[in-house]
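Novice: Take this structure first; my questions come after.
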Amino acid sequence: MRLVELRGIDVGALARRTSVSQAEITSVLKGDEPAPSLVRRLALALDLHASDLFVVAGMQVPDDLAPLDPTAASAVGWLSWELTYLPRAAPDLHELIRAMPQQPRPPGPPPSTPPYRRYPNGAGSLVLRLLHNRNLNWLGAAKYLFGIGRRDMLSASTIGMIGHGRKTLTPELLAGFAAFLDISPHDLHALTGIDLASAGRPVHPDAAEVAALIWNARRLTADQLRQLQDRARAMRHERADELEPHLRCGCPGHT
0 MRLVELRGID VGALARRTSV SQAEITSVLK GDEPAPSLVR RLALALDLHA
50 SDLFVVAGMQ VPDDLAPLDP TAASAVGWLS WELTYLPRAA PDLHELIRAM
100 PQQPRPPGPP PSTPPYRRYP NGAGSLVLRL LHNRNLNWLG AAKYLFGIGR
150 RDMLSASTIG MIGHGRKTLT PELLAGFAAF LDISPHDLHA LTGIDLASAG
200 RPVHPDAAEV AALIWNARRL TADQLRQLQD RARAMRHERA DELEPHLRCG
250 CPGHT
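At position 76 of the sequence shown (counting the first as 1) the number is 75 in numbering that gives the first Met the number 0, and the numbers step up by one without a gap.
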């Protein structure tokens, strides 16, 4: 309902855009759980990723909308170094992601949600579930919060505490997460009730590109992400003269 109000869409217009009755739209806006098919239509009408709207609705993300390979989460996180410190890395790596062929979803049922990722309702849990929808685990989220969001370096366990409501999701933290979530600050304000206007601190200049890159990387397998990691490390060697000495790779033969 808050997302609809933010966009200034009335019930009649939303019903027409989603091809359902006004009565059905009204019941959903009052809190009834929508049919999965309606969530997909609502996402299109609201200009949101469909899987994100399933997260917002507190519903299971359908398999066809979930990240392709959950085992790739660690690799997504490890890309944060090059994306943070290496000049021009974000557009170059993003181009490589877009060029990678689409692989089939790994066989077998999707893994069940581990107990430590079963969060209570709240603003922090919503943000963590949106991060997981980008195939980011706690450690990966901490790395991007520091490098792209330019906030304090938090431990992975502290990220988990935000999801479980044991650490407050402040405007500063939400603004840092927003830098790589590919969701507008206005939408995050509407969804969490937290005003980002007071956060103030600037984010990484490539934040928008990195957010799009993370989103598009969720369609890759772990093997493809490892190829991307290899290319990122090679770029770090090739462009060593563009880095401060303390940021250069310490591999033998590369100083």
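Ideal Cβ positions, reconstructed from N, Cα and C, are used throughout, including at glycine.
So which of 85, 42, 33, 103 has the shortest CA-CA distance to residue 63?
Specialist: 103
Novice: Would residue 195 and residue 177 qualify as a contact pair, given that the criterion is a beta-carbon distance under 8 Å?
Specialist: When the beta-carbon positions are compared, residue 195 and residue 177 come within less than 8 Å of each other.
Novice: Kindly indicate the opening and closing residues of the alpha helix (DSSP H) around residue 6.
Specialist: Note, residue 6: alpha helix (DSSP H), 1–6.
Novice: Is residue 65 closer than 8 Å to residue 224 when the C-beta atoms are compared?
Specialist: No, the pair does not count as a contact, with Cβ atoms beyond the cut-off.
Novice: How long is the line joining the alpha carbons of residue 31 and residue 25, rounded to whole angstroms?
Specialist: 9 Å
Novice: So the alpha helix (DSSP H) residue 133 belongs to, where does it begin and stop?
Specialist: Careful: residue 133 lies outside any alpha helix (DSSP H) and carries neither H nor E.
Novice: Could you pull the start and end residues of the alpha helix (DSSP H) that residue 34 belongs to?
Specialist: No alpha helix (DSSP H) contains residue 34, which DSSP labels as neither H nor E.
Novice: Output the distance between the C-alpha atoms of residue 109 and residue 69, rounded to the nearest integer angstrom.
Specialist: 8 Å
Novice: Could you work out which residue in 250, 240, 215, 29 is closest to residue 92 when comparing CA atoms only?
Specialist: Minimum Cα distance to residue 92 is reached at 215.
Novice: Mapping DSSP to helix, strand and coil, what is residue 142?
Specialist: helix
Novice: Roughly how far, in whole angstroms, is the beta-carbon of residue 89 from the beta-carbon of residue 212, given that I think they are within contact range, below 8 Å?
Specialist: 6 Å
Novice: Considering only their Cβ atoms, is the gap separating residue 34 from residue 17 smaller than 8 Å?
Specialist: In this structure, residue 17 lies away from residue 34, with their beta-carbon atoms at least 8 Å apart.
Novice: Between residue 164 and residue 205, what straight-line distance do the alpha-carbon atoms span, to the nearest angstrom?
Specialist: 30 Å
Novice: So, is residue 181 buried or exposed, given that buried needs 16 or more other C-beta atoms within 10 angstroms?
Specialist: buried
Novice: Taking C-alpha atoms, which residue in 245, 226, 249, 247 lies nearest to residue 71?
Specialist: For residue 71, the closest of 245, 226, 249, 247 by C-alpha to C-alpha distance is 226.
Novice: Around the C-beta of residue 120, are 16 or more other C-beta atoms found within 10 angstroms, so that it is buried, or is it exposed?
Specialist: If you draw a 10 Å sphere on the C-beta of residue 120, you find fewer than 16 other C-beta atoms in it, and that means exposed.
Novice: Starting from residue 84, trace the alpha helix (DSSP H) in both directions and tell me its first and last residue.
Specialist: First-last of the alpha helix (DSSP H) with residue 84: 79–84.
Novice: Just tell me which of 115, 190, 81 has its CA closest to the CA of residue 146.
Specialist: 81
Novice: Secondary structure at residue 61, three-state DSSP: helix, strand or coil?
Specialist: coil
Novice: Classify residue 243 as helix, strand or coil using the three-state DSSP reduction.
Specialist: coil
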